[in-house]
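*Asks:* My structure is below; once you've seen it, I'll send some questions.
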Amino acid sequence: MHEVARSPLAAWESFYVIIGSSSAALIGLQFVVIALVAEMRRRSTMREIDAFGTPTIVHFSAVLFVSSIQSAPWPSLSNIAVVLGICGGAGLVYTGIVIARARRQTGYQLVLEDWIWHVALPLIAYASVLAAAFALSRHGLPSQFTIAGAALLLLFIGIHNAWDTVTYITLGHVEPPGPPSGGAG
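Note that this note's numbering has the sequence shown beginning at 6, numbered continuously upward.
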C-alpha cells in the first residue's frame with residue numbers, strides 16, 4: 006500500500022480543529038440569537054442586521070473555511086496559498102461592503118469601538134491572510150503563524166460582536182417594566 010502523503014500543515018491540525026469547531030458552534034448560537042431577536046417587540050431593520058449581524062456570521066464562516074483549508078491534505082503550500090489568497094481578498098472586499106452598510110443604516114450610531122471591531126480589526130485579519138498567502142511558499146512558518154493569528158482574531162471579533170449585539174438588544178431594546186400588578190403591600 007502507498008503511504009498517504011503527509012500534509013505540510015500536519016502540525017497545525019489540532020489548532021485548526023479547535024478553532025474551526027468553535028466557529029461552527031458559534032455560528033449555531035448566532036442563529037439562536039437571531040431567532041430570539043425575532044420574537045422581541047421592537048425589531049431591527051435589515052440594514053442593521055446586514056451591517057452588524059451578517060458580518061459576525063461571515064467572520065465565523067471565514068474561520069471555519071480557513072480551518073478547513075489548513076486541515077485538508079494538500080500536496081503543497083502553493084495550492085493552499087492560492088485558496089487562502091482568494092479568501093483574504095474576498096474578506097477585504099466584504100469588509101468594504103460592511104463599511105457601506107454601516108454608513109447606510111440609521112438605527113444605530115457607530116462609536117469608535119464599533120469602527121474598531123466591525124471595520125479595522127477585520128481589515129487587519131483579512132489583509133494578514135492575503136499577505137501571508139503571498140508569502141506562504143517562501144516563508145512557510147511565519148506565514149502559518151500569521152494565518153493562525155488572523156483566524157484567531159476573526160474568531161475573537163465574532164465573539165465580541167455577537168456579545169455586543171446581544172447586550173445591545175437586551176439592554177437597549179427592552180421596554181422598561183410596567184408597574185407591578187396586584188395591590189399595595
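Built from N, CA and C at the ideal position, the CB exists for glycine as well. None of the values given here were measured: they were computed from a predicted structure.
Quick one: is G163 buried, meaning 16 or more other Cβ sit within 10 Å of its Cβ, or exposed?
*Replies:* The residue is buried, with at least 16 neighbouring Cβ atoms inside 10 Å.
*Asks:* Assign Q75 to one of two classes, buried (16 or more other C-beta atoms within 10 Å of its C-beta) or exposed (fewer than that).
*Replies:* Looking at its Cβ environment, which holds 16 or more other Cβ atoms inside 10 Å, Q75 is buried.
*Asks:* Could you tell me the boundaries of the alpha helix (DSSP H) in which Y131 lies?
*Replies:* Looking at the DSSP string, the run of the alpha helix (DSSP H) that includes Y131 is L126 to A140.
*Asks:* Determine whether the beta carbon atoms of I62 and I32 lie at a separation below 8 Å.
*Replies:* Closer than 8 Å, so yes.
*Asks:* Quick one: using the 10 Å Cβ neighbour count with 16 as the cut-off for buried, is A77 buried or exposed?
*Replies:* Exposed, because fewer than 16 other Cβ atoms sit within 10 Å of the Cβ of A77.
*Asks:* Going by the beta-carbon positions, is the gap between G96 and V134 smaller than 8 Å?
*Replies:* The answer is yes: Cβ separation under 8 Å.
*Asks:* Have a look at G90 and S28 and give me their C-alpha separation to the nearest angstrom.
*Replies:* G90 and S28: Cα-Cα distance of roughly 20 Å.
*Asks:* So for A155, helix, strand or coil by DSSP?
*Replies:* In the structure shown, A155 sits in a helix (DSSP, three-state: H, G or I).
*Asks:* Measure the Cβ-Cβ separation of L128 and H64 and say whether it is below 8 Å.
*Replies:* Not closer than 8 Å, so no.
*Asks:* Where does the unbroken alpha helix (DSSP H) through H64 begin, and where does it stop?
*Replies:* Its alpha helix (DSSP H) spans residues T59 to S76.
*Asks:* Run through DSSP, which three-state label would H165 get?
*Replies:* Looking at H165 - three-state DSSP - the assignment turns out to be helix.
*Asks:* Does the Cβ of F70 have 16 or more other Cβ atoms within 10 Å, making it buried, or fewer, making it exposed?
*Replies:* Answer is buried; the Cβ neighbour count reaches 16.
*Asks:* What residues in its chain sit with their C-beta under 6 Å from that of V103, if we drop five residues either side in the sequence?
*Replies:* Excluding sequence neighbours, V103 sits near P60.
*Asks:* Just tell me which of G93, Y173 and I85 has its CA closest to the CA of S66.
*Replies:* Considering only alpha carbons, the answer is G93.
*Asks:* Can you tell which of L141, W168, Y173 and V171 has its C-alpha closest to the C-alpha of S81?
*Replies:* Ranking the options by Cα distance to S81, first place goes to L141.
*Asks:* Where do the N-terminal and C-terminal ends of the alpha helix (DSSP H) with W120 fall, by residue?
*Replies:* Residues L117 to W120.
*Asks:* Going by beta carbon distance, what residues of the same chain come within less than 8 Å of F139, once the five residues before and after it are set aside?
*Replies:* Here the set comprises A86 and G90.
*Asks:* Hey, out of A156, G58, V116 and W122, whose CA is closest to Y137's CA?
*Replies:* Here the sequence assigns Ala to residue 137, which means Tyr is not the residue at that position. Of A156, G58, V116 and W122, the residue nearest in Cα terms is A156.
*Asks:* Pull up the CB-CB distance for Y21 and S72, whole angstroms please, since I reckon it's below 8 Å.
*Replies:* Between S72 and Y21 the Cβ distance is about 4 Å, and since that is below 8 Å, they are a contact.
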